[in-house]
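S.K.: Take this structure first; my questions come after.
Protein chains in written order, with our numbering: chain D, 1 to 256; chain U, 257 to 528.
The following block contains the structure:
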């Protein structure tokens with residue numbers, strides 16, 4: 001386990017060393033500040049629009065930071081020539097795959113935690129109360145979301161270049177998040193080949209919209225039952241494992 | 257030295273070209289009609305502004321329903337008062353289309369219950385209504401809905417008037433906005449003279465478009481009411497008479513009776 005943690009520590013330091021995180025933090029902070037100052041028809045304590053804007057921003061930035069970090073790990077090791085040095089150590093390939101993924105995920109989760117804290121502070125200052133159970137569930141489910149996305153980007157990094165991996169990961173994430181629930185219905189109205197493709201995407205790809213609890217959080221619906229949370233956790237673990245396995249399959253055939 | 261000047265001659269043209277181009281630009285701007293691009297939203301979004309405004313209006317509707325998008329349903333979940341009770345979904349009922357396990361998980365994570373905002377939550381729609389009206393001033397439904405919520409639910413008559421006045425400027429041919437203005441002056445501002453002006457204007461605009469019978473009756477009736485409050489009895493009677501004339505055999509009986517009652521009262525006062 002220690003090689004995995006050693007690799008992960010480096011990635012966590014990497015994300016806070018680079019300026020991307022700070023740029024995102026400043027953008028989110030400024031956007032939340034100005035959004036919270038808006039007044040509409042002299043009515044006070046309107047907060048849901050702020051939650052909508054805030055959650056959209058922190059989800060988007062967290063996803064971009066995590067995916068770009070995960071997607072550039074393996075290609076940068078190869079490009080810098082450190083790949084061979086790394087494997088001269090007693091490091092198994094599966095440990096490399098898991099370590100790089102784990103570090104990307106923890107780094108992304110740390111960024112998300114900071115953004116989420118800032119968001120909750122803004123909401124609390126505007127409205128005076130925050131539904132804690134729903135906030136906790138929203139936070140937890142998006143962490144699962146980041147875990148699957150990091151694994152997906154990590155798997156793509158063993159097959160594609162950095163730009164291709166990042167682009168593909170983000171396109172799949174956005175496609176499934178926005179259209180995932182209706183993909184099959186839309187595909188049913190198309191030409192048979194497009195329908196088959198839509199069905200394939202619908203059943204094979206992970207459904208990121210499962211982890212999107214914004215509607216419930218913003219509109220104060222009831223929290224999810226524990227059984228559903230357990231199912232979603234197992235679902236996320238399944239897809240994470242699948243993507244890591246796909247990445248390991250490519251790496252184990254690489255000649256040093 | 258001469259060689260340097262030979263290669264540097266284009267630099268001497270930069271200054272006169274710069275001033276000449278700015279003069280040409282200023283002349284062109286002066287001669288062109290205003291394109292209405294003073295608004296920053298116009299400059300940023302162009303013609304997409306209206307599409308975004310319409311989307312935000314739908315978002316406001318979604319907010320009214322607790323974040324549920326009603327396009328999930330093929331049928332309107334508010335079928336109207338004439339619909340049999342079993343067709344109207346009960347509050348809290350999950351309106352879920354049968355599907356595979358993925359659709360079932362989605363229906364549990366994303367709520368699809370049918371509910372409306374409570375009174376103290378109506379304000380949450382206001383940002384989207386404000387943006388919808390701002391971005392698409394020709395969306396009459398957005399203008400009327402925004403004015404209704406501000407004027408009725410938040411009792412902010414002045415803000416509602418501002419929205420309607422702006423809406424009237426942006427949609428000069430629309431009778432519904434004139435009617436809504438008449439309603440505010442009659443009910444809230446207690447100014448029947450202004451109400452009469454707006455109802456008359458609404459009737460003039462409605463004559464040139466498609467207006468349902470009951471809407472026409474309503475306009476004449478309210479015009480009659482605003483005239484009655486100004487003690488203009490003859491004109492009020494004429495307006496009520498026109499409302500009755502529009503009624504068909506299957507008219508709204510309670511309203512018909514009310515109009516007849518008003519006519520009787522006015523005639524009774526006139527006889528005294």
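C-beta atoms are modelled at their ideal positions from N, C-alpha and C, and glycine is treated no differently.
Values in this document were obtained by computation on a predicted structure and should not be read as measured data.
Is DSSP giving residue 369/U helix, strand or coil here?
M.R.: Strand at residue 369/U.
S.K.: I'd like to check one pair, residue 79/D with residue 11/D: are the Cβ atoms closer than 9 Å?
M.R.: Not in contact: residue 11/D and residue 79/D (Cβ atoms no closer than 9 Å).
S.K.: Using only the alpha-carbon positions, how far apart do residue 312/U and residue 223/D sit?
M.R.: Rounded to whole angstroms, residue 312/U to residue 223/D spans 27 Å at the Cα level.
S.K.: Quick one, which of 437/U, 317/U, 502/U has its alpha-carbon nearest residue 413/U's?
M.R.: Minimum Cα distance to residue 413/U is reached at 437/U.
S.K.: How would you label residue 66/D, buried or exposed, when you count the other beta carbons within 10 angstroms and need 16 or more for buried?
M.R.: Residue 66/D is buried by the Cβ-count criterion.
S.K.: Residue 160/D by DSSP, collapsed to three states: which one?
M.R.: It is coil, neither helix nor strand.
S.K.: Can you find a CB in chain B that lies within less than 9 Å of the CB of residue 145/D?
M.R.: This model lacks chain B altogether, as its protein chains are D and U.
S.K.: Would residue 195/D count as contacting chain U if we go by Cβ distances under 9 Å?
M.R.: No, residue 195/D does not count as interfacial toward chain U.
S.K.: From 483/U, 432/U, 375/U, pick the residue whose C-alpha is nearest to that of residue 471/U; which is it?
M.R.: The shortest Cα separation from residue 471/U among 483/U, 432/U, 375/U belongs to 432/U.
S.K.: Along chain U, which residues have their Cβ under 8 Å away from the Cβ of residue 49/D?
M.R.: Chain U residues near residue 49/D: 380, 383, 384.
S.K.: Got a sec: which bits of the segment 215–240 of chain D sit with their beta carbon under 9 Å from any beta carbon on chain U, in order along the chain?
M.R.: Within the segment 215–240 of chain D, the qualifying residues are 215, 216, 218, 219, 220, 221, 222, 224, 225, 228, 231, 232, 235.
S.K.: For the segment 302–323 of chain U, list every residue whose C-beta sits within 8 Å of some C-beta in chain D, in sequence order.
M.R.: The segment 302–323 of chain U vs chain D, Cβ under 8 Å: 319, 322, 323.
S.K.: Which same chain residues, not among the five before or five after residue 552/U, have their C-beta less than 7 Å away from its C-beta?
M.R.: Only positions 257 to 528 of chain U appear in this structure, which leaves residue 552/U out of reach.
S.K.: By the three-class DSSP mapping on this structure, what secondary structure does residue 503/U have?
M.R.: The answer is coil: DSSP assigns residue 503/U none of H, G, I, E or B.
S.K.: From the DSSP output, read off the bridge partner residues of residue 43/D.
M.R.: DSSP output for residue 43/D lists 40/D as bridge partner(s).
S.K.: Just the Cα atoms here: how many angstroms apart are residue 210/D and residue 50/D?
M.R.: Rounded to the nearest angstrom, the two C-alpha atoms are 23 Å apart.
S.K.: Shorter than 9 Å from the beta carbon of residue 95/D to some beta carbon of chain U?
M.R.: For residue 95/D, the answer is no, since every Cβ of chain U falls outside 9 Å of its Cβ.
S.K.: Tell me, please, whether the segment 78–96 of chain D touches the segment 222–242 of chain D by the rule of three or more beta-carbon pairs shorter than 8 Å.
M.R.: In short, these stretches do not touch, since the Cβ pair count stays below three.
S.K.: According to DSSP, is residue 392/U helix, strand or coil?
M.R.: Coil.
S.K.: Could you tell me the alpha carbon to alpha carbon distance between residue 206/D and residue 358/U, rounded to whole angstroms?
M.R.: Approximately 10 Å between the Cα atoms of the pair.
S.K.: Any beta carbon from chain D within less than 9 Å of residue 494/U's own beta carbon?
M.R.: By this cut-off, residue 494/U is not an interface position.
S.K.: Counting only the same chain and skipping the five closest in sequence on each side, list residues whose C-beta sits under 7 Å from that of residue 216/D.
M.R.: Same-chain partners within the cutoff: 134.
S.K.: Taking the runs of the alpha helix (DSSP H) that are 4 residues or longer, which of them lie wholly in the segment 400–437 of chain U?
M.R.: Fully enclosed alpha helix (DSSP H) runs of 4 or longer: 413–426.
S.K.: Beta carbon of residue 28/D, beta carbon of residue 115/D: below 9 Å?
M.R.: Contact flag set, yes.
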